[in-house]
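If you read the sequences in order, they're chains A and B. Quick note: the first sequence, position 87, residue 87 per this note's numbering, numbers continuous. One gets this note's numbering by counting positions in the second sequence from 1 and adding 1000 to each. All C-beta atoms in this analysis are idealised placements derived from N, C-alpha and C, irrespective of residue type, glycine included. Inspection log for the structure reproduced underneath, given as structure tokens.
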Amino acid sequence: MEGCAQEGQVKLLGVEYSPFLLRVRIALSLKGIHYEFIEEDIQNKSELLLQTNPVHKKIPVLIQNGKPVCESMIIVQYIEEAWGNKAPNLMPKDPYDRAIARFWAAFIDDKVVPCLREVVTGQGEQQQKAVQELVANFLILEESVRTNPCFSGKLYFGGDEIGFVDIALGGLSAFVKALGKATNSVLIDEEKMPLLSAWMDRFCEADGVKEGMPDPAKVLEFISAMRVKFTSPPTAK
Amino acid sequence: MEGCGEDGQVKLLGVAHSPFAVRVRIALALKGIHYEFIEEDIYNNKSELLLQSNPVHKKVPVLIHNGKPICESMIIVQYIEEAWGSKAPFLMPKDPYDRAIARFWAAFVDDKFTPSVWGVLMGEGEEQVKAVEESVANLLLLEEVLSGKAYFGGDEIGLVDIALGGVLIGVQMIQKVTHTVLIDTQKMPLLSAWAHKFCKANGMKEVLPDPAKLFELLSERRAKLTSPPAGN
């Protein structure tokens, strides 16, 4: 395998259709890194998963030469640094631009992701409220693309090429689209969020990304299964 | 001011006793960076400067370096490390894997540990008991991470030390306010020794919050919980 000696052995534990897994797969794909994907059964976690992520017992986990890295955006930063000489660069060089990239990736993790969870698991009014909050957060992102000098007028959050924030948000895109369908709502409205819409289309069509985009029907199935799991009444103990 | 030309103009907006501002002050102190500290009245009267510099969250701390704002305490700490990258001490390891591990545990402190300790302060009855159990479990994990090292960063203070160090006095005072033991010297000898060493490190005394003052503030916070709200 090309470059295998440098890469060593790379394994990725994950659950197909998980947006967090997708983030890591995109980063690996962009860098052209070969890896073995190991599908996990969350109802029946493997010994390997429990050993490599004993603290959270969650996926994704990247294992390189036997050493595990956990948490999707920490894994993406690791990929960028461990394969630092391999283009494309997923992080800017300038310390200030890096801080801005980390800020928006954190915004996506701390604000957008919890909303997504609430929309998946919520019912009725609670779900509606979560949808509204999600849309509000997307509007904040739209505003940042419009006005932040780091992003304004550029193809991607990373500039000319896909970067850290693109991966943080883009990894969620199939999930967001399917969630919109599942809840009969428009989450990224082309009229209200023209820049974000255009960005999402561009991201999903990009080389290195489009090949790995999951089948929308399968993602919808994945979300429906999650809803059933979280919204079905608890069985009597 | 020594090094001011190289440092440029550095301002820090924050609340002096808040663990998040403390983290940034620790990093600035370690790197010997001069800055102007601007105390914010975040409950009653946020400054124009704060609202302009952090329009998304309107929160402190915010570091402003040559007019450019950086937000979120651990992002600011990483910025300080990178913007003053040639200035010792180094707050991040060099090796990518070690860096990933440092980021993992810093995130753990933020996402798991700090909320569990806050749960001890704000919890009552069984909820509080659960929060204490969770906090202790989290600390035991951190105890393991420390293993044979002086600091989480190795021989010197690093990212995880700063993440945890920022909340340390808070944790100690929450123990006092709630009459609980979180950092148990018997179960966590390494962490206890680390806490002691950390507080005594160069420059820490000036930036760590005054324990007595913090005790008062946290007591007031807890008291609001248990006293009935003024007429609705």
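First through last residue of the beta strand (DSSP E) which encompasses Cys1071 of chain B = Lys1068 to Cys1071
Chain A contacts from the stretch 1056-1075 of chain B (Cβ-Cβ distance under 7 Å) = Val1056, Lys1068, Ile1070, Cys1071, Glu1072 and Ile1075
request  = Measure the Cβ-Cβ separation of Val24 of chain A and Pro68 of chain A and say whether it is below 7 Å.
outcome  = no
message = Going by DSSP in three states, Val1062 of chain B sits in which element: helix, strand or coil?
response = strand
ask   = Should Ala99 of chain A be labelled buried (16 or more other beta-carbon atoms within 10 Å of its own) or exposed?
value = Flag for Ala99 of chain A reads buried.
inquiry  = Looking at chain B, is there any beta carbon in it that lies within less than 7 Å of the beta carbon of Tyr35 of chain A?
reply    = no
key: Counted within 10 angstroms of its Cβ, other Cβ atoms place Lys218 of chain A as buried (16 or more) or exposed   = exposed
query = Hey, how far is the Cα of Trp83 of chain A from the Cα of Ile1075 of chain B?
reply = 22 Å
query = In the structure shown, what three-state DSSP assignment does Pro1089 of chain B receive?
reply = coil
query = What is the C-beta distance between Leu13 of chain A and Glu40 of chain A, in whole angstroms, given that I count them as a contact (C-beta under 8 Å)?
reply = Contact check for Leu13 of chain A and Glu40 of chain A: beta-carbon distance about 5 Å, within the 8 Å limit, so the pair qualifies.
Under the three-state DSSP convention, the category Lys57 of chain A falls into = coil
query = Under a Cβ-count criterion, where at least 16 other Cβ atoms within 10 Å of its own Cβ denotes burial, should Ile1080 of chain B be classed as buried or exposed?
reply = Per the 10 Å Cβ criterion, buried.
ask   = With 7 Å set as the bound, which would you pick, yes or no: does the beta-carbon of Lys67 of chain A sit closer than that to a beta-carbon of chain B?
value = yes
Residue of A:Leu169, A:Ala178, A:Ala182 and A:Leu220 minimising C-alpha distance to Trp199 of chain A = For Trp199 of chain A, the nearest C-alpha among the options comes from A:Leu169.
Where Leu13 of chain A sits in the DSSP three-state scheme = strand
inquiry  = Buried or exposed for Ser224 of chain A, going by 16 or more other Cβ atoms inside 10 Å?
reply    = exposed
task = Going by CA-CA distance only, name the one from A:Phe37, A:Gly208, A:Val15 and A:Met226 that's closest to Gly163 of chain A.
result = With distances taken between Cα atoms, Gly163 of chain A lies closest to A:Gly208.
query = In chain order, what residues of the same chain lie with their CB nearer than 6 Å to the CB of Leu242 of chain A, ignoring the 5 residues before and after it?
reply = An answer regarding residue 242 of chain A cannot be provided, because it is not within the stretch 1 to 237 covered by chain A.
inquiry  = I'd like to know whether the C-beta of Glu1220 of chain B is nearer than 7 Å to at least one C-beta of chain A.
reply    = no
query = Which chain A residues sit within Cβ distance under 9 Å of Phe1104 of chain B?
reply = Val55, Val69, Cys70, Glu71 and Ile74
Closer than 9 Å at the beta carbon, the chain B residues around Phe103 of chain A = Val1056, Ile1070, Cys1071, Glu1072 and Ile1075
message = Is there a C-beta anywhere in chain A that falls below 7 Å from the one on Met1001 of chain B?
response = Low per-residue confidence applies at Met1001 of chain B: pLDDT is 39, beneath 50, and the placement is therefore not dependable, though the value from the model is reported in the following sentence. False, the Cβ-Cβ gap to chain A never drops below 7 Å.
ask   = By Cβ distance below 6 Å, which residues in the same chain neighbour Pro1069 of chain B in space, the five residues on each side in sequence not counted?
value = Contacts found: Ser1053 and Val1062.
inquiry  = Taking 7 Å as the threshold (beta carbon to beta carbon), is Tyr1035 of chain B in contact with chain A?
reply    = no
task = Could you check what DSSP says for Asp160 of chain A in three-state terms: helix, strand or coil?
result = Coil.
task = Find the residues of chain B that neighbour Lys77 of chain A, judging by a C-beta separation of less than 8 Å, and give them in chain order.
result = In the sequence on display, residue 77 of chain A carries Gln and not Lys. Correct list: Arg1099, Ala1100 and Arg1103.
ask   = So is Pro1189 of chain B buried or exposed if we call it buried at 16+ other beta carbons inside 10 Å?
value = exposed
message = Counting beta carbon pairs with one atom in the stretch 136-149 of chain A and one in the stretch 71-81 of chain A, are three or more of them shorter than 8 Å?
response = no
Terminal residues of the alpha helix (DSSP H) in which Pro68 of chain A lies = Element bounds for Pro68 of chain A: not the alpha helix (DSSP H) but the beta strand (DSSP E), Lys67 to Cys70.
key: Helix, strand or coil at Asp1041 of chain B [DSSP, three-state]   = strand
message = Could you check whether the Cβ of Pro95 of chain A sits closer than 7 Å to any Cβ belonging to chain B?
response = At a cut-off of 7 Å between C-beta atoms, Pro95 of chain A counts as an interface residue with respect to chain B.
Exposure label - Arg117 of chain A; buried when at least 16 CB within 10 Å = exposed
ask   = Among residues of its own chain, excluding the 5 on either side of Leu49 of chain A, which ones have a beta-carbon nearer than 8 Å to its beta-carbon?
value = Leu13, Glu40, Lys57, Ile59 and Val61
message = Cβ closer than 7 Å: which chain A residues qualify as neighbours of Leu988 of chain B?
response = What is shown of chain B runs 1001 to 1232, which leaves residue 988 of chain B out entirely.
Spatial neighbours of Lys93 of chain A in its chain, beta-carbon cut-off 8 Å, leaving aside the 5 residues before and after = none
inquiry  = Here's the rule: buried if 16 or more other CB atoms are within 10 angstroms of the residue's CB, otherwise exposed. What is Phe175 of chain A?
reply    = Buried.
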